[in-house]
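Numbering (our numbering), first residue to last: 2 to 208.
The beta carbon of each residue, even a glycine, is placed where N, CA and C say it ideally should be.
This report refers to the structure that appears directly beneath it.
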């Protein structure tokens, strides 16, 4: 078994005060940092994703331009590449991250699996190269990008866990629905992670 941690979109625009701020986002950012301090060595690979949208277009209809956003398929402008809103929240310390992923560059993108690493590698290829069999998922937002990442990881044949205390959702109802959907699809939903839950990754490949 070789386990990865995916940290989804812990960005200024998705935390309190941002363009699409989620209640509890800053708390989750800090909690992920604390978690990494204790558990980073238990992972063969740690990936952090960011929305990284173009500034000069509507990103394939993702940004609402000619009408109000419906907050399903269209959204206010957010996480524009190179802006403070696209930066990781400062409470999320990225020292332990192995690979940084950008997604949504000119098109809608929710799942970290749609992202591209800084060296141009796609996430599915990176996971295959590292021999990852199990993926833990944390981040923002439970009912959107976390959900999409989990479902994609399952579709790619990985065993997936979601740490319920290290995610934050947009709304209680959609968050509960997303967690139920992920569980029904095969993900394990677990509470606050402990060393008992995060056994060492059996890999000979150094991080």
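Continuous alpha helix (DSSP H) stretch holding residue i: start and end
i	result
residue 142	Counting along the chain, residue 142 falls outside any alpha helix (DSSP H), and DSSP gives it neither H nor E.
residue 47	Per DSSP, residue 47 belongs to no alpha helix (DSSP H); it is in the beta strand (DSSP E), 46 to 52.
residue 33	26 to 40
residue 21	It is not in any alpha helix (DSSP H) - residue 21 carries neither H nor E in the DSSP assignment.
residue 178	173 to 186
Close beta carbons around residue i, own chain, < 6 Å, minus the five adjacent residues each side
i	result
residue 106	53
residue 137	6, 162
Cβ pair residue i, residue j closer than 7 Å
i	j	result
residue 104	residue 115	yes
residue 32	residue 167	yes
residue 25	residue 15	no
residue 162	residue 46	no
residue 101	residue 119	yes
residue 121	residue 19	no
residue 23	residue 142	yes
Endpoints, beta strand (DSSP E) assigned at residue i
i	result
residue 191	189 to 191
residue 167	160 to 169
residue 5	4 to 9
residue 100	100 to 104
Selected residue, minimal CA-CA separation from residue i, among the options
i	options	result
residue 108	161, 81, 152, 11	81
residue 185	148, 174, 173, 169	148
residue 9	93, 20, 177	93
residue 77	142, 21, 42, 140	21
Sequence-distant residues of its chain with Cβ nearer than 8 Å to residue i (five each side left out)
i	result
residue 83	56
residue 205	Per-residue confidence for residue 205 stands at a pLDDT of 37, beneath the threshold of 50, marking its modelled position as unreliable; no derived number is given.
Neighbourhood of residue i by C-beta distance below 7 Å, restricted to the same chain and skipping five residues each side
i	result
residue 145	111, 171
residue 95	49, 89
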